[in-house]
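S.K.: Residue numbers (the working numbering), protein chains in the order written: chain A, 64 to 570; chain B, 1045 to 1535; chain C, 452 to 547.
Glycine residues also receive a C-beta, built at the ideal position from the N, C-alpha and C atoms.
Nothing here was measured: the structure is a model prediction, and the numbers come from that model.
Before we start, here is the structure in question, set down as C-alpha cells.
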Amino acid sequence: MSSIHTRATDWLKQLESGTCTSAEITQLYLDQIDRHDGTIQAFLHVDHEAALEQARDIDKRRQAGKPVGRLGGLPVAVKDILCSLDQPTTCGSKQLEHFQPPYDATVVARLKQEDAVLIGRTNMDEFAMGSSTENSAFQLTRNPWDVERIPGGSSGGAAACVAAAMAPLSIGTDTGGSIRQPAALCGVSGMKPTYGRVSRYGLVAFASSLDQVGPLASNAEDLALLMEVLAGHDPLDSTSAPVDVPSYTATVQQPLEGLRVGWIPEQFRSGLDPEIEAATQEALDVYRSLGASVQEVALPHARYGIATYYIIAPCEASGNLARYDGVHYGYRTDEQSMLAELREQQLAAATPTDVESPLVRMYRKTRSEGFGSEVKRRIMLGTYALSKGYYDAYYLKAQKVRRLIRDDYDQAFQKVDILLGPVTASPAFRIAEKTDDPLAMYLEDLYTVTANLAGIAGISIPCGFTSESLPIGLQLQASPFQEEKLLRASYMYQAATDWHSRRPDLT
Amino acid sequence: MNEPLYQVIIGLEVHVQLKTESKLFCRCSTDFGQPPNTQTCPVCIGMPGSLPVMNEKAFQLAVKTAIALDCEIPEFTKWDRKNYYYPDLPKGYQISQFDLPMSCRGSLHIEDPEGAFEPKDVRITRAHLEEDAGKSMHDEVAGKADSSIDLNRTGTPLLEIVSEPDLRSAAEARAYLSELKLLLTYLDVSDCNMQEGSLRVDANINLHLESPDGTVATPIVEVKNMNSFRAVERALIYEAGRQWDVWQETGQKLGDVPKQTRGWDDQAQITRGQRHKEESSDYRYFPEPDLVPVRVSAEEVAAIRTNIGELPAAIRERLVADHDISSYTSEVLVNQGRGVVDYFVQVAESCGDGKLAGNWVQQEVLRTLKEQETQIEAFPVASSELADLLGLVQRGELDSSRGKEVFVEMVQSGKSATQVMQEKGMESVDEDEVIQLCQALLEENPQVVADVQGGKQQAVGALVGKAKQQNSNINPGSVRQILLDLIQKMS
Amino acid sequence: MSLSRQDVEKISLLARLQLTEEELTVMTDQLSQIVQYVDQLSELDTENVEPMAHAAELSNVFAPDQSRPSLDREDALRNAPKRDDQYYRVPAVLGD
C-alpha cells in the first residue's frame, strides 16, 4: 500500500481502480494520528469508529457499482469552526465546549455529499482569533517541523495535520491570513478563496466581511480537487457569489503561458527575515525560468493593512460574538454562586439598586469565564471603535482605507496576473514567544490581511527552508475569481521544485 | 375663553408585522399562536454560523406601504446592526435600518368629521424594515424569579413607521392610528391586530408651555405597553396631565434629564416609570455585513404606485361625490373595508339612490353582519337583491318598516324581496287604489277634513291608521300625503 | 489617543464582560497601545473615498416567501444551558 504521503488525487486513482479501499486509507491515517497526535495535538476530536464506518459505507457503494462522490472516501480534517450536525463544534472555546449544532454548514454538507470521510475536527485559535493556535482553550498544537514552535494560526491544527500526514486534506478558514500563514509555517499548501467563492453558511463568524473557508493539502492539485467541492453559490448565504465554478482539476496542470508576475519592493524592507527574502527572490527566479515576465508593482496603502484590519475585524467580531450570552446555547456561568455573590454585594452596597441585575451579571460572568483573553481584547476593541463618537474616526475611516487598498490591487492586476511575495516576515516562532505582546502577534498578518480586506484570492505554497529547517511559504495573489490562475501558477512552481514534497521528521 | 395651559406634542412609533408566510431572514412560518419554540431554526435562534437572507415579499410589502404613505423611496437602501443585549434577542443585535432606511418623508392625512380637531397632514419621518424579537415572560416559581423565553416570534418582519411629533392631542393620535390601520388593512399588508401583537404602538410625548423666559419644552417621555387605541388615548391624556404636574413641581426642561420610559398600566390607568437601564442606549450601529444592499429603481416605484389600488381617503371622497352620501356615512362604510364599499356601490348604482342605499347598508346590513358575526362576503342578501328591495321602498310599494321586515326574512331565507312579499301576503298597492281608499275615508270622516282645513294637520293621522287597517300593504307616509293633497283640493 | 481605566470599564459593561482589577489594568494598557497603532489611519486623506462595507459588489439578494419546516422543539432547545419543557430559562428579566 502507498505511503501516507501519497497525494489525494493519487489515492483517488487507486480507490477508483480498486487497488485499495477507503477503509484501508482511513485506517492508515488514523494510525498516523494515534502515533503522532499525542505530541502534535492537531486534533480536538477524532472518532475512529465513526470515520471507519463512513469509509466502509463508501467502499460498499463503490463495490456495488453505485455512484461515489468526487472525494470518494478520502479522509478530510475539518477545522472545529464549521458546524457539523450533532458533532461537537467548539471553535476552540469554552463558550462552545459542549455545543452540538442541529445542522451542517454548507461546506460540510458538500463534503459529505461528495463522500469525504470526515476524519476529525482540528484545533484552532479561539473563534479564529490568533496567529499561533495558542489561543485555543483546550490544547496547544505544535509545529510538526519543530515541536517547540507554534504551527501558526488560527487554522494551526488544519495545517499541522496535513504537514504531519495525519490527513491528506483539510479545511481551514482565513480572515486575516489564518490559512495562508499556518500553511507557510507548516510547509503545506493552503488557499484563501475570493470572498464569496465559498459559502459561509455554518461557518461560525469572526469577521463577516473577511471570513472565508478554504482548503489545505500538500500540493496544488489536491487543493484544486477540494476547491471544486467547496466552491459555488449558496442561497443560504447572501454574500455568496453567483459565479460559476470552473473545473479546477481539469486545468490545474496546464502551465500559464505569458504569465505576468508582479512583486512588491516595499515588502522587502527591513523586518523581513533575510532567509525568507532570499527564498522569495529565488521563487521569482523560478517563475522567470518558466517563462514568466516579472515586474515591480506598488501597493501604496498595504502598509495600513494591519491598522485597517484591526479595526474592521474586531468591530464585526464584537457584533458576531454578542450572541454568546449563555441564554440559548453554549456556556453559562454557575447561577447559584452568581446569585449568592450578587446578594452579598447588594447587602453591602450603599445603594442596592445600583448593583446590576442578575441577568446582566449572568451575561458578564458567562462571557468573561467563557472567553479567553485575546477574544476579550478584540471584543473590547471593537466595542470601543463602534461606540458613540468613535464610529467615524475608526470604523468608517477603516472602511475607506479598505477601499484604497482594494483600488491598489485593481490597479496592480491591470499590469500583472499574479502578485508574488512572502507570507510572513519570519518563520515559526517559539511557543509563548509573542503571547505577552498582542501587537507583535498582530503584525504576523502583515502580508496576508490585505487580501482579506480587498476580498481577493491568495495562496501559500512551500518555497524553501531556513537554516533551522523551518518551512518558508510563498504567497501568490490574484484578482477576484482567479483561483484557477493561482492553482495553475502553483502547480507550475511545484512541478519545477520539490519544497512541497519535503516532510518533517516526526520521530 | 381661557388660553390652554400647555400644548401637547406627540409623536408615534408604530410597529407593523407584515403579512408574509415566512420570517424576514429565514423560512420559519410566521403563524401566530403556535406552541412555544416550535417555529425556530438556526437562523432565527442566532446559532453560530447562521446567516440571514432577505424575504422578497416582506420587502415588497414594505415598499408598497411606504408608497401609500406618500414616502420617498431612495434608490439605495441597506441594513444595519442595532447592538444590545436581551434574552429575547438571540444574536445580541437586531438587524434593522439606521441611516439609509428604505423610505422617508411621507405623510398621512387625518380628519375628524365631528370636528374635534382641524384636518391635518401628519408627517411621517421614515418607515423601515427590521426583524422582531422573541417574547420573554416573567415567572415566579417557588420563590425564585425566572423568565421564560419563546423565540417563535424572533425574525418576524416588522415595518417601523415613525411620525414627526405633529400630533397635538390624544384624539389626533387616535385618529392617526385608526387611519393608519385602515390604510394598512386596505393594502392587505398586515393583520393589524393589537391583541395578537401584529400592530404595536409607542408614543413620545412632551409639553410646550409659556414661561416668563419664552416657550419651554418639557423632557420627552416614551410611553410603552399600550395595548389598544383606547389605551393609547387614555395613556396620552394621563401622561400630559402628569407632565404638567411634574413641570409645576420641578420646572425640568428638555435636556435637563435623560429621556424617560414609562409603561401604561391599564388596570391602574396610570403610567409608571420603568427600571433604570444599565447604561444609556449606545446601539453601536454599523452596516450589516451579512446582508447586501437593495437597489430600487424609479421605474419599480412608479409601477407599484400605479398598481396600488384605491386607498381609503380617495374612496371616502369618491363615495360622497358619486353617491351623495354624508362624510359620516362614507367614513363608516370605508371603515368596514373594500367588501362593504363595493357592496354599497353596487346597491347604490342599481337602485339609483345613494342616500337610501347608504342608510340601509350602514344600518340594516352592518348591524346584521355584526349580530351574525359574519363578513360581507358571506352575506346572504346579494347587492342586486337589496337594490330590488330598495326599489320597492323608493316607489312607495313598500313602506320603510315593512321593508325592514322583508329584509330580515331575506337574510334568513335567502329569498328575493318579491318572493318574501308573496309568501307573507304582502302586496304592492296600486296607487289608484290608495287614492280611492283615501277619498272614501275622507267622505266618511268630514270632521277630519274640517279639522285639517282649519289648520290641524295632525288630525289626518287617525285616517292613516284606518287606512292601514283596511289594507296592511299601504305606505303610511304616502297615504298621509295623499290625504292632505286631497283635502287641499277640496277647499 | 489612549484610553482611561474608566473608559475601559464602561466598554466592558457595553460588551457584557467583567474584568478583574488586574485585567482592567492590563487591558487599558494593551488597548491604548493598539488604538495608538490604528490611529495611523488618520494620516490618510479619505475625504472623497467611498467606504467599502462589503467585499463583494452584490445587491438585491432575496429568498422567496415560502415557509419551510422549523426545527423540532427538542433540537432547538437541546443546547440550552437552562430550559424546561418548552422554554429557555434565564434569571428574571425585569422592567420592560
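#1: Identify the contact partners of Phe1103(B) in chain C, using a Cβ-Cβ distance below 8 angstroms as the criterion.
#2: Look at the Cβ atom of Ala328(A), then the Cβ atom of Glu359(A), and state whether they are nearer than 7 angstroms.
#3: Between Val459(C) and the rest of its own chain, which residues show a CB-CB distance below 7 angstroms, the 5 nearest in sequence each way excluded?
#4: Let me know if Gly235(A) comes out buried or exposed under the rule of 16 or more other beta-carbons within 10 Å of its beta-carbon.
#5: Candidates Asn1081(B), Pro1080(B), Ile1053(B) and Lys1101(B): which alpha carbon is nearest Glu1065(B)'s?
#6: Curious, which full-length beta strand (DSSP E) runs of at least 3 residues does the stretch 1184-1270 of chain B contain?
#7: Would you list, in chain order, the members of the stretch 357-378 of chain A that have their beta-carbon closer than 7 angstroms to a beta-carbon of chain C?
#8: Cutting at 7 angstroms between CB atoms, please list the residues of its own chain near Arg540(C), excluding the five before and the five after it.
#9: Please say whether Leu467(A) and Tyr458(A) have beta carbons closer to each other than 7 angstroms?
#10: In the structure shown, what three-state DSSP assignment does Met290(A) receive?
#11: Any beta carbon from chain C within less than 7 angstroms of Val1058(B)'s own beta carbon?
#12: Can the beta-carbon of Val62(A) be found less than 7 angstroms from the beta-carbon of Ile481(A)?
#13: Using beta-carbon positions only, say whether Lys428(A) and Thr396(A) come within less than 7 angstroms of one another.
#14: Could you give the first and the last residue of the continuous beta strand (DSSP E) run that contains Glu1149(B)?
#15: Which residues in chain C sit within 8 angstroms of Asn1536(B), going by Cβ to Cβ distance?
#16: Put Met555(A) into one of helix, strand or coil per three-state DSSP.
#17: Within 10 Å of its beta-carbon, does Glu79(A) have 16 or more other beta-carbons around it, so buried, or fewer, so exposed?
#18: Between which two residues does the beta strand (DSSP E) holding Met254(A) run?
#19: Classify Leu1436(B): buried if its beta carbon has 16 or more other beta carbons within 10 angstroms, exposed otherwise.
#20: Going by C-alpha distance, which of Lys463(A), Ala475(A), Ala411(A) and Val479(A) is nearest Asn499(C)?
#21: Counting only beta-carbon atoms, is Asp547(C) nearer than 7 angstroms to chain A?
#22: Let me see if you follow: with CB-CB separation under 7 angstroms, is Tyr258(A) close to chain B or not?
#23: Please confirm if the stretch 1050-1069 of chain B is in contact with the stretch 1198-1217 of chain B, defined as three or more CB-CB distances below 8 angstroms between the two stretches.
#24: Indicate whether at least one CB of chain A lies closer than 7 angstroms to the CB of Ser455(C).
#25: Compare the C-beta of Asn1099(B) against all C-beta atoms of chain A and say whether one is closer than 7 angstroms.
#26: Listed from N- to C-terminal order along the chain, which residues in the stretch 377-395 of chain A have their beta-carbon within a distance smaller than 7 angstroms of any beta-carbon of chain B?
#27: Within a Cβ cutoff of 7 angstroms, which residues of the same chain sit near Cys83(A), ignoring the five residues on either side of it in sequence?
#28: Count the other CB atoms within 10 Å of the CB of Tyr387(A); is the residue buried (16 or more) or exposed (fewer)?
#29: For the stretch 493-518 of chain C, which residues have a CB atom closer than 8 angstroms to at least one CB atom of chain D, in sequence order?
#30: Would you call the CB atoms of Ser301(A) and Leu1335(B) closer than 7 angstroms?
#31: Can you pull the chain A neighbours of Leu482(C), defined as C-beta to C-beta under 8 angstroms?
#32: Please classify Gly521(A): does DSSP put it in a helix, a strand, or coil?
#33: Could you tell me whether the stretch 212-222 of chain A touches the stretch 239-254 of chain A, where touching means 3 or more Cβ pairs closer than 8 angstroms?
#34: Excluding the 5 residues preceding and the 5 following Gln545(A) in the sequence, name in chain order all residues of the same chain whose CB lies nearer than 7 angstroms to its CB.
#35: Applying the 10 Å Cβ sphere with the 16-neighbour rule, what's the burial state of Gly1447(B)?
#36: Report, in whole angstroms, the separation of the C-beta atoms of Leu1226(B) and Val1245(B), which I expect to be a contact under 8 angstroms.
M.R.: On the basis of the coordinates in this document:
#1: Neighbours of Phe1103(B) in chain C, taken as residues at a C-beta separation under 8 angstroms, are given in chain order as Phe513.
#2: Looking at the sequence itself, residue 328(A) is Pro, so the reference to Ala does not match. Yes.
#3: Leu475, Met478, Thr479 and Leu482.
#4: The residue is buried, with at least 16 neighbouring Cβ atoms inside 10 Å.
#5: Here the closest residue by C-alpha is Lys1101(B).
#6: Within the stretch 1184-1270 of chain B, the complete beta strand (DSSP E) runs of at least 3 residues fall at 1188-1194, 1201-1207, 1243-1255, 1258-1261 and 1265-1270.
#7: Hits within the stretch, in order: Tyr367, Ala370, Thr371, Tyr373 and Ile374.
#8: Setting aside the 5 residues that flank it on each side, Arg540(C) is surrounded in the same chain by Lys533 and Arg534, each with a C-beta closer than 7 angstroms to its C-beta; the list follows chain order.
#9: Against a cut-off of 7 angstroms, the Cβ pair of Leu467(A) and Tyr458(A) comes out as no contact.
#10: Three-state DSSP puts Met290(A) in a helix.
#11: For Val1058(B), the closest Cβ of chain C is not nearer than 7 angstroms.
#12: Given that chain A is displayed from residue 64 to residue 570, the structure contains no residue 62(A) and the question cannot be resolved.
#13: It is a contact, given that the beta carbons lie within the stated cut-off.
#14: First, the residue type needs correcting, since residue 1149(B) is Arg and not Glu in the sequence shown. Looking at the DSSP string, the run of the beta strand (DSSP E) that includes Arg1149(B) is Ser1147 to Ile1154.
#15: This structure gives no information on residue 1536(B), because the portion of chain B shown stretches from 1045 to 1535.
#16: DSSP places Met555(A) in helix when its eight states are reduced to three.
#17: With a 10 Å radius around the Cβ and a threshold of 16 neighbouring Cβ atoms, Glu79(A) comes out exposed.
#18: Ser252 to Lys255 is the extent of the beta strand (DSSP E) around Met254(A).
#19: With 16 or more neighbouring CB atoms inside 10 Å of its own CB, Leu1436(B) falls in the buried class.
#20: Distances from the alpha-carbon of Asn499(C) to those of Lys463(A), Ala475(A), Ala411(A) and Val479(A) put Lys463(A) closest.
#21: With a pLDDT of 36 at Asp547(C), under the threshold of 50, the modelled position of this residue cannot be trusted; read the value that follows with caution. Taking Cβ atoms only, chain A never reaches closer than 7 angstroms to Asp547(C), which makes this a no.
#22: Output row for Tyr258(A): interface = no.
#23: Counting C-beta pairs closer than 8 angstroms gives three or more between the stretch 1050-1069 of chain B and the stretch 1198-1217 of chain B, which meets the contact rule.
#24: Residue-level contact check: Ser455(C) does not touch chain A, since none of the beta carbons of chain A fall below 7 angstroms from its beta carbon.
#25: So, not an interface residue.
#26: Of all residues in the stretch 377-395 of chain A, Cys378, Glu379, Gly382, Ala385, Arg386, Asp388, Val390, His391 and Tyr392 have a Cβ within less than 7 angstroms of some Cβ in chain B.
#27: The residues Met64 and Gln77, in chain order, have a CB closer than 7 angstroms to that of Cys83(A) in the same chain once the five nearest residues on each side in sequence are set aside.
#28: It counts as buried.
#29: In the displayed structure, chain D is absent; the protein chains listed are A, B and C.
#30: Yes.
#31: What Leu482(C) touches in chain A: Arg440, Met443, Leu444 and Tyr447.
#32: In this structure, Gly521(A) counts as strand in the three-state DSSP scheme.
#33: Yes, they touch.
#34: For Gln545(A), where only same-chain residues beyond five positions count, the Cβ hits under 7 angstroms are Ala520.
#35: So Gly1447(B) ends up on the buried side.
#36: Not confirmed; about 15 angstroms, so no contact.
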